[in-house]
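Student:
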Amino acid sequence: MLAMVGATVAACSAASVTPDIEKFSDAVAAAIVAENKNFDEVTFGKKVAKARRLDLVAVGAEYHSSDAETCLHKKPALRAVQKDFAKVCRMIAKDAKGRKVATVYDTAMVQETAAYIAPATDKKTAQAFHANGIRNDLDAYAKALKAMAESNNAADLQTSAAEAIGAAGGLVDAVRASEKFTGEGGSAKKLSAVSEVVGLVAKELAEAAKYRKIRSVVKSADPFVRRASVQLALIAYESEKEGLETTAALLTTALEDFDAGTEAGLAAIEKAHKDIVEADEKARYRIYSDIGRTHAAILKSLTNGGSLEDFQEAQSRIVALLEAVNKL
Numbered sequence: 195m196l197a198m199v200g201a202t203v204a205a206c207s208a209a210s211v212t213p214d215i216e217k218f219s220d221a222v223a224a225a226i227v228a229e230n231k232n233f234d235e236v237t238f239g240k241k242v243a244k245a246r247r248l249d250l251v252a253v254g255a256e257y258h259s260s261d262a263e264t265c266l267h268k269k270p271a272l273r274a275v276q277k278d279f280a281k282v283c284r285m286i287a288k289d290a291k292g293r294k295v296a297t298v299y300d301t302a303m304v305q306e307t308a309a310y311i312a313p314a315t316d317k318k319t320a321q322a323f324h325a326n327g328i329r330n331d332l333d334a335y336a337k338a339l340k341a342m343a344e345s346n347n348a349a350d351l352q353t354s355a356a357e358a359i360g361a362a363g364g365l366v367d368a369v370r371a372s373e374k375f376t377g378e379g380g381s382a383k384k385l386s387a388v389s390e391v392v393g394l395v396a397k398e399l400a401e402a403a404k405y406r407k408i409r410s411v412v413k414s415a416d417p418f419v420r421r422a423s424v425q426l427a428l429i430a431y432e433s434e435k436e437g438l439e440t441t442a443a444l445l446t447t448a449l450e451d452f453d454a455g456t457e458a459g460l461a462a463i464e465k466a467h468k469d470i471v472e473a474d475e476k477a478r479y480r481i482y483s484d485i486g487r488t489h490a491a492i493l494k495s496l497t498n499g500g501s502l503e504d505f506q507e508a509q510s511r512i513v514a515l516l517e518a519v520n521k522l
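With the sequence shown counted from 1, adding 194 to any position gets you our numbering.
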């Protein structure tokens, strides 16, 4: 009898004894769909934003610009080091003693760099916020894992694996933030081992004949694509700068006219900050600049021996570029 069982197992392929990842992903998706059945993301987002502001008001915190220069739109230049506007133009909450304050609604990284975390005045909303964040990241991870399982070639595997790692990274951040709020949990481990595996797949793909040809073309064209990108950005900037400067001035006014100690005052600054970031995202000069940056990221990804970080950077830039174009 044992011999028969052994023979049966030996006859099975590796695929036939692999856990049914597709069904796992479908089960996770079904659970989250059921949970979100009556969930209104827009209404909940407004509720969270107000709860966050009330937490800051409770500890006497006010908004400060990260740096006056960071929220100014810079004229495009070929050799200038461009940083993502939304990442450098930030509003930082500080209390009366000048200490940086975070809330339970901020990312784990923001919380870790703050002097302290303002207590949640609305615990139910805070709990719902963390649960929603974890659900979304868990769903994204399960879907990416399913895509990996269904991949039939190195290119699809590389893309889905990078997405799975990105989703798992998001899940790690969401869990860390939630653990800080609940006070329970363990330490988040790095995803380095998985990254190394994907890196090997990426390297194999980069050495394929097709990609060697693409790399050759991209490398030759890159200087001209960058220069073309900057020229288009310069021309667009000249026609857009007046409107952008007007939007930037509104943020400065909001910061100067801040009604200290009120939720409405914080809301006015948040709106002005959101307006300036969205104006930058939709600006044609920024989109033209990003075409050159994205092309450079693609070249780096193709020439760095399959680095996972470079691949993810290129992918994220491509997605961001498409999103910006779709807003035009």
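Cβ atoms here follow ideal geometry from the backbone N, Cα and C, with glycine treated the same way.
Measure the Cβ-Cβ separation of E434 and Y479 and say whether it is below 7 Å.
Tutor: Taking the sequence shown and counting its residues from 1, one reaches residue 434 at position 240. Taking the sequence shown and counting its residues from 1, one reaches residue 479 at position 285. Yes.
Student: Tell me, which residues are paired with V295 by DSSP?
Tutor: Here residue 295 refers to the residue found at position 101 of the sequence shown. In DSSP, V295 forms a bridge with Y310.
Student: Rank P270, I311, L351, H267 by C-alpha distance to the C-alpha of L250 and give the top, closest one.
Tutor: Position 56 of the sequence shown, counting from 1, holds the residue named residue 250. The candidate whose alpha carbon is nearest that of L250 is I311.
Student: What residues match up with K288 in a beta bridge as DSSP calls it?
Tutor: On the sequence shown, position 94 is the one that residue 288 refers to. E256, K294.
Student: Helix, strand or coil: which one does DSSP assign to E344?
Tutor: Numbered from its first residue, the sequence shown carries residue 344 at position 150. In this structure, E344 counts as coil in the three-state DSSP scheme.
Student: Determine, using beta-carbon pairs with one atom in the stretch 240-255 and one in the stretch 361-378, whether at least three such pairs fall under 8 Å.
Tutor: Counting Cβ pairs under 8 Å, fewer than three are found: no touch.
Student: Closest by CA to A280, which one among Q509, Q425, H267, A271?
Tutor: By one-based count along the sequence shown, residue 280 stands at place 86. Minimum Cα distance to A280 is reached at H267.
Student: Which residue comes first and which comes last in the alpha helix (DSSP H) that contains G486?
Tutor: Indexing the sequence shown from 1 puts residue 486 at position 292. Start and end: 478-497.
Student: Within 10 angstroms of its Cβ, does D300 collect 16 or more other Cβ (buried), or is it exposed?
Tutor: Residue mapping note: residue 300 aligns to position 106 of the sequence shown, counting from 1. Looking at its Cβ environment, which holds 16 or more other Cβ atoms inside 10 Å, D300 is buried.
Student: Excluding the 5 residues flanking S219 on each side, which residues of the same chain have their C-beta closer than 7 Å to its C-beta?
Tutor: On the sequence shown, residue 219 is found 25 positions in, with the first residue counted as 1. Answer for S219: A336, K337, L339, K340, listed in chain order.
Student: Can A362 and M342 be called in contact, C-beta distance under 7 Å?
Tutor: Here residue 362 is taken as the residue at index 168 of the sequence shown, counted from 1. Here residue 342 is taken as the residue at index 148 of the sequence shown, counted from 1. No; because the gap between Cβ atoms is not below 7 Å, this pair is not in contact.
Student: Might you give, ordered along the chain, the residues of its own chain that have their beta carbon closer than 8 Å to the beta carbon of V215, omitting 5 neighbours on each side?
Tutor: In the sequence shown, counting from the first residue as 1, residue 215 sits at position 21. Residue identity check: residue 215 is Ile in the sequence provided, not Val. Answer for I215: L339, K340, M342, A343, listed in chain order.
Student: How big is the Cα-Cα spacing for K521 and L365?
Tutor: Translated into the one-based positions of the sequence shown, residue 521 becomes position 327. Translated into the one-based positions of the sequence shown, residue 365 becomes position 171. Rounded to the nearest angstrom, the two C-alpha atoms are 28 Å apart.
Student: Specify the secondary structure class of P417 as computed by DSSP and reduced to three states.
Tutor: As a working mapping, residue 417 is identified with position 223 in the sequence shown. Here P417 sits in helix by DSSP.
Student: Locate the alpha helix (DSSP H) running through E229, then write down its first and last residues.
Tutor: The residue labelled residue 229 in the question sits at position 35 within the sequence shown. 215-229 is the extent of the alpha helix (DSSP H) around E229.
Student: Do you know offhand how far D333's Cα is from Q506's?
Tutor: Here residue 333 is taken as the residue at index 139 of the sequence shown, counted from 1. Here residue 506 is taken as the residue at index 312 of the sequence shown, counted from 1. Distance between the alpha carbons of D333 and Q506 is about 19 Å.
Student: Kindly indicate the opening and closing residues of the alpha helix (DSSP H) around K268.
Tutor: Translated into the one-based positions of the sequence shown, residue 268 becomes position 74. Where K268 is concerned, there is no enclosing alpha helix (DSSP H), given that its DSSP letter is neither H nor E.
Student: Using a 10 Å radius around the Cβ and a threshold of 16 neighbouring Cβ atoms, would you call A271 buried or exposed?
Tutor: Here the question's residue 271 lines up with position 77 in the sequence shown. Burial call: exposed.
Student: In the DSSP assignment, the alpha helix (DSSP H) including F233 goes from what residue to what residue?
Tutor: Numbered from its first residue, the sequence shown carries residue 233 at position 39. Careful: F233 lies outside any alpha helix (DSSP H) and carries neither H nor E.
Student: Are the CB atoms of A458 and L445 within a distance shorter than 7 Å?
Tutor: For the purposes of this step, residue 445 is taken as the residue at position 251 of the sequence shown. For the purposes of this step, residue 458 is taken as the residue at position 264 of the sequence shown. Against a cut-off of 7 Å, the Cβ pair of A458 and L445 comes out as no contact.
Student: Would you mind giving the Cβ-Cβ distance between A287 and A255, rounded to the nearest angstrom? I have them listed as a contact below 8 Å.
Tutor: Here residue 287 is taken as the residue at index 93 of the sequence shown, counted from 1. Here residue 255 is taken as the residue at index 61 of the sequence shown, counted from 1. At roughly 4 Å, the Cβ-Cβ gap stays under 8 Å, so A287 and A255 are in contact.
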